[in-house]
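Enquirer: Below you will find the structure I want to go over with you.
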Amino acid sequence: MKIKEEEIIRLMSSEKSREKGVRLMMDAYQSRLYWHIRRIIVDHNLAQDVLQDTFIKAYQNFHQFKQDSQLYTWLYRIATNESLQQLNKLKRMQKTDEDPDYHLQNMVADNAAPDAEDIQILLQKAIHSLPEKQKLVFTMRYYDDLPYEELSKILDMSVGTLKTNYHYAKQKVEDFIKQNYNENP
Amino acid sequence: MKDFDIEKLERKNIYRTPDNFFADVQANVLREAAPAPQAKVISLNWAYAAAAAVATIFGVTFMMNQHEAEPQIVQNEQQVSPPPSARIIEETVPEATLAYQTFEEDLTSVETDNQKDVPAPTMIAAKQKSEKIEVAKSTAVSPEVQVDQILANISMAELADLGKNAEQDVYLDLYY
Numbered sequence: 137m138k139i140k141e142e143e144i145i146r147l148m149s150s151e152k153s154r155e156k157g158v159r160l161m162m163d164a165y166q167s168r169l170y171w172h173i174r175r176i177i178v179d180h181n182l183a184q185d186v187l188q189d190t191f192i193k194a195y196q197n198f199h200q201f202k203q204d205s206q207l208y209t210w211l212y213r214i215a216t217n218e219s220l221q222q223l224n225k226l227k228r229m230q231k232t233d234e235d236p237d238y239h240l241q242n243m244v245a246d247n248a249a250p251d252a253e254d255i256q257i258l259l260q261k262a263i264h265s266l267p268e269k270q271k272l273v274f275t276m277r278y279y280d281d282l283p284y285e286e287l288s289k290i291l292d293m294s295v296g297t298l299k300t301n302y303h304y305a306k307q308k309v310e311d312f313i314k315q316n317y318n319e320n321p
Numbered sequence: 002m003k004d005f006d007i008e009k010l011e012r013k014n015i016y017r018t019p020d021n022f023f024a025d026v027q028a029n030v031l032r033e034a035a036p037a038p039q040a041k042v043i044s045l046n047w048a049y050a051a052a053a054a055v056a057t058i059f060g061v062t063f064m065m066n067q068h069e070a071e072p073q074i075v076q077n078e079q080q081v082s083p084p085p086s087a088r089i090i091e092e093t094v095p096e097a098t099l100a101y102q103t104f105e106e107d108l109t110s111v112e113t114d115n116q117k118d119v120p121a122p123t124m125i126a127a128k129q130k131s132e133k134i135e136v137a138k139s140t141a142v143s144p145e146v147q148v149d150q151i152l153a154n155i156s157m158a159e160l161a162d163l164g165k166n167a168e169q170d171v172y173l174d175l176y177y
């Protein structure tokens, strides 16, 4: 992965080979970024918009990328910010008095595949019951297995705070599942 | 469910994506993010650039000089040409001469049969001048003197006839 990332950076640094570099970057990270965005936003169409905006911003602002961090860290940071902006926009547009997090929990069941397991659906609902920062830390650590050092760069939080947040998030998710899981539906 | 550990749960995606979804995303990104094709830039040789600059300077200088030269010509024309009054005289003199010649021909055409000596134009001009001076002198006499002269020529009988024809002023009668 490290070699591939260096190749992407080399291609994108040159004006002539930038398009080729973007293609390579999308091939490498589009799936991981999409699922990261989808877990935050839930809706597929919105997730697609955010993914596209992420790559477009990465393409147009590549000169701002400081190579002291890894490329995927930078992409995760853009994707996370774009997702949160999209969520805030949705919250502002929401006219009902329904709690936005509760609205997302309901959307999980509506958007889940027909063959999705109940425990998996319940896990997603539990994640959407978390506060925003815990939600982000938990999803990126649990699903993407990102190291705390990289998470620190993505979320501008110290490693200690991240570990604490992950610990509390994991505990809340487990409690949520224990309370809501019905073994005999 | 009491001993539930989330770390033991398999990581699965519960959502699905449409077919060719990522291909569409890539196409959209490249369409929107790729810079618009720029106009072809023609590299200019320094020699051509210098030649073009020199030509422009000469052209501008020539135009400027031409604009400045036009008023000078007009000024020169004004200096050379006589004043407007003189020009009018020049224009009118030939016409007057022509009129005089035709007038002279008309007058002399009748007299040529009886008179052989044709007066010179200068003589006629002098004669006309003297007549004009006499008329001017006569008009220079005051109106009172002229009235006296006219009255002196009229007899008493003619004056009585003129008085009969005059309308009587009723208001003047009051003071008689």
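Sequence order for the protein chains is A and B.
Residue numbers for the first sequence follow our numbering, so the first one is 137 and each next one is one higher.
Residue numbers for the second sequence follow our numbering, so the first one is 2 and each next one is one higher.
Glycine is no exception: its CB is placed at the ideal position from the N, C-alpha and C atoms.
#1: According to DSSP, is residue 144 of chain B part of a helix, a strand, or is it coil?
#2: Which residues of the region 9 to 27 of chain B have a Cβ closer than 9 Å to any Cβ of chain A? Give them in chain order.
#3: Can you pull the chain B neighbours of residue 222 of chain A, defined as C-beta to C-beta under 7 Å?
#4: What residue does the alpha helix (DSSP H) around residue 264 of chain A start on, and which one ends it?
#5: Quick one: give me the first and last residue of the alpha helix (DSSP H) that residue 181 of chain A is part of.
#6: For residue 158 of chain A, would you say it is in contact with chain B, using Cβ-to-Cβ distances shorter than 8 Å as the test?
#7: Could you check where the alpha helix (DSSP H) with residue 312 of chain A kicks off and where it finishes?
#8: Say whether the region 210 to 229 of chain A touches the region 299 to 311 of chain A, bearing in mind that this needs 3 or more beta-carbon pairs closer than 8 Å, one atom from each stretch.
#9: Throw me the rounded Cβ distance for the residue 169 of chain A and residue 157 of chain A pair, which I believe falls under 8 Å.
#10: Taking buried to mean at least 16 other C-beta atoms within 10 Å of its own C-beta, is residue 281 of chain A buried or exposed?
#11: Near residue 182 of chain A, what residues of its chain come up, given a Cβ to Cβ distance below 7 Å and the 5 sequence neighbours on each side ignored?
#12: What does the Cβ neighbour count give for residue 62 of chain B, buried or exposed, with the cut at 16 atoms within 10 Å?
#13: Are the region 46 to 61 of chain B and the region 203 to 223 of chain A in contact at 8 Å, needing three or more beta carbon pairs?
#14: For the alpha helix (DSSP H) containing residue 156 of chain A, list its first residue and its last residue.
#15: Would the beta-carbon of residue 164 of chain A fall within 8 Å of that of residue 186 of chain A?
Expert: Checking against the coordinates, here is how it stands:
#1: By one-based count along the second sequence, residue 144 of chain B stands at place 143. Correct three-state label for residue 144 of chain B: helix.
#2: So the close ones are 10, 11, 12, 13, 14, 15, 16, 17, 18, 19, 22, 23, 25, 26, 27.
#3: For the purposes of this step, residue 222 of chain A is identified with residue 86 of the first sequence, where counting begins at 1. The premise fails here: residue 222 of chain A is roughly 16 Å from chain B at the closest Cβ pair, so nothing lies under 7 Å.
#4: Within the first sequence, numbered from 1, the residue matching residue 264 of chain A stands at position 128. Where residue 264 of chain A is concerned, the enclosing alpha helix (DSSP H) stretches over 254 to 264.
#5: Position 45 of the first sequence holds residue 181 of chain A. From DSSP, the alpha helix (DSSP H) with residue 181 of chain A extends over 180 to 196.
#6: Numbered from 1 along the first sequence, position 22 holds the residue referred to as residue 158 of chain A. Closer than 8 Å to some Cβ of chain B, the Cβ of residue 158 of chain A qualifies, so yes.
#7: Taking the first residue of the first sequence as position 1, residue 312 of chain A is located at position 176. Where residue 312 of chain A is concerned, the enclosing alpha helix (DSSP H) stretches over 295 to 316.
#8: no
#9: As a working note, residue 169 of chain A is residue 33 in the first sequence. As a working note, residue 157 of chain A is residue 21 in the first sequence. Not really, about 16 Å apart at Cβ, beyond 8 Å.
#10: Within the first sequence, the letter at position 145 stands for residue 281 of chain A. When all chains shown are included, residue 281 of chain A counts as exposed.
#11: Counted from its first residue, the first sequence places residue 182 of chain A at position 46. Cβ neighbours of residue 182 of chain A beyond the five flanking positions: 222.
#12: As a working mapping, residue 62 of chain B is identified with position 61 in the second sequence. Per the 10 Å Cβ criterion, exposed.
#13: no
#14: Here the question's residue 156 of chain A lines up with position 20 in the first sequence. Per DSSP, residue 156 of chain A is one residue of the alpha helix (DSSP H) stretching across 154 to 177.
#15: Taking the first residue of the first sequence as 1, we reach residue 164 of chain A at position 28. Taking the first residue of the first sequence as 1, we reach residue 186 of chain A at position 50. Not a contact, by the Cβ cut-off of 8 Å.
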